[in-house]
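Contents: one structure, followed by commentary.
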Amino acid sequence: MARTIVPPTLLLVLLAVVVPVLLTPTPLRAAPFQPACTDDLAPIRREEYGGGRIVDITHAIHPDMPKCETAHGIGRFLWLRLSMANGSIANFSELKLSTHTGTHIDAPGHFYQEYFEAGFDIDSLDLGVLNGPALLVDVPRDKNITAEVMESLQIPRGVRRVLLRTLNTDRQLMWKKECDTSFVGFMKDGAQWLVDNTDIKLVGNYPCRSLKTGQRQAWDIRLTLLASQTTWS
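Under mature numbering (1 follows the signal peptide of the UniProt record, and there is no 0), the letters of the sequence shown match residues -30 to -1, 1 to 203, in that order.
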């Protein structure tokens, strides 16, 4: 078998080219860095990952965000306990608010005691359900979400995630300090129709209680959705 003999001079040249490349450390672009004093500081907001775009539909938390059963909003929720401006070695914040503040999802343990005791917290939810394409549907502005309304929306089979845009959005209820109980929400027959006639596993809807009934009935609607492993926010 014929062999190719590499001249020593050429071998040295190749090594001279390759070695510096191997020894040069690869910069960690995602890691924090120490900026020069002349740099214009501005945080980078990343919304594109791997060629796909992520749309964040959560509401920014602010003191005047509505809170159930109060007209005063959530109030102050963030404190700066240590400040570099005051001589501390680092900035240190403390955050305190209800787990039902703003855009949120109820964990299974919120409604089932046995699930709560077994540790079915928010981290037990399926991220494959919580992330992905969703269908945005406009709900008739003068109606609650009944079985009749759900049927009229004509949501096709195969849709797993749906966002219901209602009169609540038009009224900007998430920007009002008081919790407005005149909101549009699910009725029990609407929730049951969704379970029986669609493939939906994630429902996005406002507000403090997106279930338009008394508290006991509202719980029954939640249980209707959760029993079919449907997550709602």
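Idealized CB from N, CA, C, for every residue including glycine.
Remember, it's a predicted structure, so these values are computed and weren't measured experimentally.
Can you tell me which of the three DSSP states aspartate 108 falls into?
Judged by DSSP in its simplified three-state form, aspartate 108 adopts strand.
Glutamate 64, enclosing beta strand (DSSP E) - first and last residue:
Glutamate 64 -> beta strand (DSSP E) spans 62 to 65.
Roughly how many angstroms lie between the CA atoms of aspartate 108 and threonine 136, to the nearest whole one?
Cα-Cα distance, rounded: 6 angstroms.
Between histidine 74 and tryptophan 163, what straight-line distance do the alpha-carbon atoms span, to the nearest angstrom?
Distance between histidine 74 and tryptophan 163, taken at the CA atoms: about 23 angstroms.
Out of curiosity, what's the CA-to-CA distance linking leucine 106 and leucine 123?
Taking the straight line joining both Cα atoms gives about 11 angstroms.
Which residue's Cα is closest to the Cα of arginine 46: Thr40, Asp34, Gly57?
Comparing Cα-Cα distances from arginine 46 to each of Thr40, Asp34, Gly57, the minimum goes to Asp34.
Please report the Cβ distance between lysine 171 and valine 99, rounded to the nearest whole angstrom; I am assuming they are in contact, meaning their Cβ atoms lie under 8 angstroms.
Indeed they touch by this definition, with Cβ atoms about 5 angstroms apart.
Residue interval of the alpha helix (DSSP H) (run including glycine 160)
From DSSP, the alpha helix (DSSP H) with glycine 160 extends over 158 to 167.
Expressed to the nearest angstrom, what Euclidean distance is found between the alpha-carbon atoms of aspartate 26 and isoleucine 92?
The straight-line gap from Cα to Cα measures roughly 19 angstroms.
Let me know the secondary structure DSSP gives leucine 100 once reduced to three states.
Helix at leucine 100.
C-alpha gap between asparagine 56 and glutamate 64, whole angstroms:
The straight-line gap from Cα to Cα measures roughly 17 angstroms.
Flag this pair as yes or no: are the beta carbons of glycine 89 and isoleucine 115 separated by less than 8 angstroms?
For glycine 89 and isoleucine 115, no; Cβs fall outside 8 angstroms.
Sort Glu148, Thr168, Thr139, Thr151 by Cα distance to asparagine 175 and report the nearest one.
Closest in C-alpha terms to asparagine 175, from the list Glu148, Thr168, Thr139, Thr151, comes Thr139.
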